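Input: a single structure, listed below in C-alpha cells.
2 protein chains.
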Amino acid sequence: MSTLQVLLIAGTHGNEINAPWLFKEWNKSAAIINTNGLSISKIIGNPEALKAGKRYIDNDLNRSFREDLLEDKNNKDYETLRAREIVASYGKQGKEPCQIAIDFHSTTSAMGSSIVIYGRRSVDLAIASLLQLRLGLPVYLHEGDDSQKGFLVEYWPCGLVVEIGPVAQGLLHPNIIKQTKLVLQCLLIELAALKSGSVLFPERIVVHRHIRSIDFPRSGSGDIDAFVHASRQAADWVPIKKGSPLFMKLDGATLCYKGDDSLVPVFINEAAYAEKNIAMSLTKREVWQISKNVEESICNLINGINPT
Amino acid sequence: MSTLQVLLIAGTHGNEINAPWLFKEWNKSAAIINTNGLSISKIIGNPEALKAGKRYIDNDLNRSFREDLLEDKNNKDYETLRAREIVASYGKQGKEPCQIAIDFHSTTSAMGSSIVIYGRRSVDLAIASLLQLRLGLPVYLHEGDDSQKGFLVEYWPCGLVVEIGPVAQGLLHPNIIKQTKLVLQCLLIELAALKSGSVLFPERIVVHRHIRSIDFPRSGSGDIDAFVHASRQAADWVPIKKGSPLFMKLDGATLCYKGDDSLVPVFINEAAYAEKNIAMSLTKREVWQISKNVEESICNLINGINPT
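The listed protein sequences derive, respectively, from chains A and B.
For the first sequence, the numbering used here assigns the number 1 to the initial residue and increments by one for each residue that follows.
For the second sequence, the numbering used here assigns the number 1001 to the initial residue and increments by one for each residue that follows.
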C-alpha cells in the first residue's frame, strides 16, 4: 500500500439523511466536490436503515465495530453483517483498503459543525487540527466511555467523525447540507495537501475531552421525569457552572447542576441518545500539543505502517 | 347526553413525544393542569408507535378515520384496529362518548403554536377563534385535499388539532412542552367557559385556507433533487411572492416560486411529509365571520345534537 485511499461514509445512521443525500448528488455530478486528485471510496454506511428512515435495523452500526461482535459468527444482526462487509471491503485486508475513514453524521443537538475523535491517535488529532485551523471546528474527544465502544472510524488506522446540527432526523435542511459540503470540501483539500506533503500543522489543538455523560432524571420505573432546562437547551459548548439550571420538571421545579465548575456540555438533547440514557455529555476544554513527529506518523500511515 | 365530554389525544404519531410526556406527568400529578371541572377522557393515540419511537406501525393513524377503512373488516392494520378501538370507546355510540376531540401534535416545521381544522364546521371555527383571541394562534384550514383524508378529529362532531414546532421527532424540548401545556390549559379554560355559557365569541377569525401542496423537485427516478431554500426554511406563515427562492440544488442553482402572489406556506419541511410528497403547503389568508348562531350550535353539540 503506497497510495492514500480515503473512505468516506454517510448514512451510518439511517435517519441522518443530509450527508447521504449529498453523496447521491455527488455521484450524479462529480463536479460538485473537488477531490483534488485523492483516491476515494464513498459508501452509505447503513443502506437498509436509510431506506427505512431509522437509525438502525437491529443495532447501532456505529457501535458495531467491536472485535467481539465482528468475530462472533453466531451474531447475524443486520448491522453486524454490514460492519463485517465494510471491513471486508475497506479494512486493512480488504479489497480496497483505506487508511483514513471519515464518517459524516448529523445531530439534533445545536452543536454546529464539529469533529469527534475516539482516542488520542496522533494522526486523528493532526487531521482534526487542520480542520480546526481552517474552519474553527470544535473537537470532541470521546474517550474513556466504557458504555460506548465499537465506533466505525476506530476500526481504521486513522479516522474521525464529522457531526453537524441541529437538524431533525429524516429532514433535508439547507444549512446542514451547506455545512456538510463545506467540511467535506475542506477535508479533501487538507488530505490532498497531506498526501503531497505540503501541509503545515498547527502547534496546538483545542480538544473537549469527554469526562462523563448525564442521564435525564428518571422515576423509579425508568421514565424520564424532567426535561432539559430552557437555558441549557441548544447551549452546547457553553461552560456550565455549579448551581446553574440543568433540568426542569413539569411543575416548574428546576434541577441544578451539581458537578465540577466549568465543564462543557455537548450533545445536549440528541434525540437518539435518550435510549442510551444520555441527556448530554460533559467535557473538559484542553489545549494539546500536536505531536512533533506527526509528519512521520502521517507518512507511515500513507505507506501502510500502523501509526502511533 | 347532556354533559360535555372532551377527548384529549396525544401521541397520535408515536414520534411526537412532547404531548404524550405531558399527559404522563399529568396522570402522575393532577394539579399540573386545571381541568376547570370539565369531564375529560385522555388517551395516547398510538401507544405501539410511541413505544417504537415511530410515526406509525402500519399506516398513519391520523389518516385512518375513514369510513371505508373503519368498516373494511379485512383490514387488520394496527392503526385501523386502533382507530376502531378509539371510535368504540369515545365515538358517538361509544362507552364514553365525547363531543369534542383535541389532538396534540408536534412538527419539525417552524410553525410555532398553531391550530389545524379540517372543514368549515362552525363549532370548530368557534373554538379555534377563542384560542386565536386568547393566544394569537394562527389557524390552518386543511380542506379540499383529496390526497389526505381520515384525520382523527374529523370523526367527532367537533375537533381540532394543536400543532407545535419546530422540534425534532423523538425529542423532549423545553419550549415545546411549555407551549403544549399553555395551549392545553387555555383550551380547557375556554371549553369550561363554553360549557357554562359564559363565553363571548369574537366576530371574526383569521384562517389560512389550504390551497395546494408543493412537492420537492424530484429526478426521473423519484429521488428528491433539491432542498428547501435557506431563505424559505423556517419561514412558515410568511407570504411568498412570485419569483422568490423556493428550492436550491446542490450546484447552487435556485428554483423560484412560480405560483400566485402572496400565498402563505405552512408545514415547510415537515420531516414526516417527504413520504407524502409534500415539501410545504400553500394557504390563503382570509378573514371569516364567526357564525352568528354559534352559541346555538355549541349548545346543540353539548346536548348531543349534531351541529351544523
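Using N, Cα and C, we set each Cβ at its ideal position, and we do this for glycine too.
Since the model is a prediction, treat every value here as computed from it, not as a measurement.
By DSSP, does residue i sit in helix, in strand, or in coil?
i, result
"B/Pro1245", "strand"
"A/Asp223", "coil"
"A/Ala31", "helix"
"B/Ile1164", "strand"
"B/Lys1284", "strand"
"B/Met1001", "Here B/Met1001 scores only 43 on pLDDT, less than 50, and its place in the model should not be relied on; the value that follows carries that caveat. Correct three-state label for B/Met1001: coil."
"A/Tyr257", "coil"
"B/Tyr1056", "coil"
"A/Cys158", "strand"
"A/Asp103", "strand"
"A/Leu7", "strand"
"B/Lys1073", "coil"
"A/Lys95", "coil"
"A/Ile298", "helix"
"B/Arg1209", "strand"
"B/Gln1289", "strand"
"A/Pro20", "helix"
"B/Tyr1118", "coil"
"A/Pro47", "helix"
"A/Ser147", "coil"
"A/Ser196", "helix"
"B/Ser1089", "helix"
"B/Val1153", "helix"
"B/Ser1041", "strand"
"B/Arg1232", "coil"
"A/Leu250", "coil"
"B/Ile1278", "coil"
"A/Ser113", "strand"
When you compare only the Cα positions, how much space is there between residue i and residue j?
i, j, result
"B/Ile1224", "A/Lys51", "14 Å"
"A/Arg120", "B/Gly1014", "40 Å"
"A/Ile9", "A/Ile127", "17 Å"
"B/Tyr1155", "B/Glu1096", "15 Å"
"A/Met1", "A/Ser147", "Since pLDDT at A/Met1 reaches only 43, below the 50 mark, its modelled position is unreliable, and the value read off the structure follows with that caveat. If I take the Cα positions, the gap works out to 35 Å."
"A/Leu263", "B/Leu1187", "42 Å"
"B/Leu1081", "B/Asp1068", "13 Å"
"B/Glu1163", "B/Leu1141", "13 Å"
"A/Leu200", "A/Val294", "10 Å"
"A/Lys54", "B/Lys1181", "29 Å"
"B/Trp1021", "A/Cys256", "21 Å"
"A/Ile298", "B/Leu1171", "41 Å"
"B/Val1228", "B/Pro1245", "9 Å"
"A/Ala193", "A/Pro166", "30 Å"
"A/Ala49", "A/Ser106", "15 Å"
"B/Gly1317", "A/Lys92", "Lying before the first or after the last residue shown, residue 1317 of chain B is absent from chain B, which here runs from 1001 to 1308."
"A/Gly197", "B/Gly1222", "44 Å"
"B/Gly1220", "B/Glu1270", "23 Å"
Please report the Cβ distance between residue i and residue j, rounded to the nearest whole angstrom; I am assuming they are in contact, meaning their Cβ atoms lie under 8 Å.
i, j, result
"B/Met1111", "B/Ile1214", "The pair is not a contact, with the Cβ atoms about 16 Å apart (cut-off 8 Å)."
"A/Leu282", "A/Arg212", "6 Å"
"A/Leu191", "A/Val6", "6 Å"
"A/Gly45", "A/Leu70", "That belief does not hold up - the Cβ atoms of A/Gly45 and A/Leu70 are roughly 15 Å apart, past 8 Å."
"A/Tyr90", "A/Ser41", "6 Å"
If we call anything under 7 Å between Cβ atoms a contact, is residue i one with residue j?
i, j, result
"B/Ala1230", "A/Pro174", "yes"
"B/Ser1109", "B/Pro1138", "no"
"B/Val1206", "B/Val1287", "yes"
"B/Tyr1056", "B/Glu1085", "no"
"B/Asn1018", "B/Ile1268", "no"
"A/Thr35", "A/Leu152", "no"
"A/Ala88", "A/Phe65", "no"
"B/Ile1033", "B/Gln1185", "yes"
"A/Ile189", "A/Leu4", "no"
"A/Lys292", "A/Asp261", "no"
"B/Leu1131", "B/Pro1202", "no"
"A/Ile290", "A/Ser29", "no"
"A/Glu16", "B/Leu1250", "no"
Is there at least one non-hydrogen atom of the ligand MN closer than 6 Å to the beta-carbon of residue i?
i, result
"A/Val264", "Looking at this structure, you won't find the ligand MN or any other ligand, since it has none at all."
Relative to the C-alpha of residue i, which residue among the options is closest?
i, options, result
"A/Pro157", "A/Glu71, A/Ile117, A/Val167", "A/Ile117"
"A/Phe216", "A/Pro20, A/Met248, A/Asn74", "A/Met248"
"A/Val183", "A/Leu160, A/Gly304, A/Gln93", "A/Leu160"
"A/Arg209", "A/Lys284, A/Gly91, A/Lys92", "A/Lys284"
"A/Asn59", "A/Ala235, A/Lys24, A/Lys149", "A/Lys149"
"A/Tyr273", "B/Asp1260, B/Gln1169, B/Glu1071, B/Ala1235", "B/Gln1169"
"B/Ala1031", "A/Gly304, A/Glu275, A/Ala271, A/Gly252", "A/Gly252"
"A/Cys98", "A/Ala226, A/Glu296, A/Ile43, A/Pro47", "A/Ile43"
"A/Gln233", "A/Gly222, A/Gln93, A/Pro265, A/Asn74", "A/Pro265"
"A/Lys195", "A/Gly304, A/Asn74, A/Arg204, A/Ala235", "A/Gly304"
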